[in-house]
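When we follow the working numbering, the leftmost residue of the sequence shown carries the number 178, and every step to the right adds one. Okay, so here's the structure we're looking at.
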Amino acid sequence: MKVVLIGFMGSGKSSVGKLLAQKTKLKFIETDEIILKETGFDDMAKLFATRGEVGLREAEIQLAKRLFTLNDVVIATGGGMVLNKINLDYLRKNGGLVIFLKTQFSEIVKRLKTDPTPRPLFAKLAAARAIFTFRKALYTQYADLIINTDNKNQLQIVSEIYEHLRHH
Ligand code: S3P
178 MKVVLIGFMG SGKSSVGKLL AQKTKLKFIE TDEIILKETG FDDMAKLFAT RGEVGLREAE
238 IQLAKRLFTL NDVVIATGGG MVLNKINLDY LRKNGGLVIF LKTQFSEIVK RLKTDPTPRP
298 LFAKLAAARA IFTFRKALYT QYADLIINTD NKNQLQIVSE IYEHLRHH
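The structure is reproduced here in structure tokens:
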């Protein structure tokens, strides 16, 4: 089984992904973490400052290409993976099930206030909201399954996904 989590920054892809991997006994991987390790940057702010957003997008395409052979894995993707359709084409290969963690913008703002991870594309609220609005259709379009995360805790979200996987 291969589960691919997509969604906006702060939608819970990493935290939910880790818990889901534990529950399903699948391996957990995070595309941002792999990209930072391989490029040698401490965080996304530093990567953006040196290579720009295009540096991240190119790294994402290269990584998505390599990941498609993996199996028995939960993959938490960076929020911008949907910007290049080729990424989703690769991630979906070999039975990848794409799950969109859908979260309201107001909820995301709340969550990211206390999250220390540097997110250059969330530095300005108005710009972040515009990105959110633009991306919404992309996440929806690529999803095999949409899970609404508003007003749910992580364990509830994991259980909901788990039930879907059992019947998949
Ligand atoms: C981005 C999301 C981030 C990270 C980078 C850009 C985006 O990942 O890849 O800061 O374009 O939405 P998370 O979705 O894990 O925050």
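All residues carry an ideal CB built from backbone N, CA and C; glycine is no exception. In this text the structure is predicted, and so the values were computed from the model without any measurement.
Counterpart residues of I276 in DSSP-defined beta bridges: L182, L322
Beta-carbon separation (whole angstroms), K279 vs N325, contact threshold 8 angstroms: Distance from K279 to N325 at the Cβ level is roughly 5 angstroms; contact confirmed, criterion being Cβ atoms closer than 8 angstroms.
Same chain, Cβ closer than 7 angstroms to R288, five either side skipped, listed in chain order: G187
Beta carbon of A236 nearer than 8 angstroms to that of T254: no
K290 (DSSP reduced to helix, strand or coil): helix
G348 and G256 closer than 8 angstroms at C-beta: The requested residue 348 is not part of the displayed model; the chain covers only 178 to 345.
Where the alpha helix (DSSP H) through K223 begins and ends: Counting along the chain, the alpha helix (DSSP H) containing K223 begins and ends at 221-244.
For R312 and A226, the rounded distance between their alpha carbons: 23 angstroms
Between the CA atoms of F299 and A320 - distance to the nearest angstrom: 23 angstroms
Backbone secondary structure at F218 - three-state DSSP: coil
Segment contact flag, the stretch 208-215 with the stretch 301-312, C-beta cutoff 8 angstroms, min 3 pairs: no
CB-CB length for I276 against L196, believed under 8 angstroms: With 8 angstroms as the limit, I276 and L196 do not qualify as a contact, their Cβ atoms being about 13 angstroms apart.
Neighbour-count burial assignment, A241, 16 or more Cβ in a 10 Å radius: buried
Separation of S336 from G273, as counted between CA atoms: 19 angstroms
L233 to M221 span [Cα, whole Å]: 8 angstroms
DSSP state of K301 mapped onto helix, strand, coil: coil
Straight-line Cα distance separating T246 from Q281: 33 angstroms
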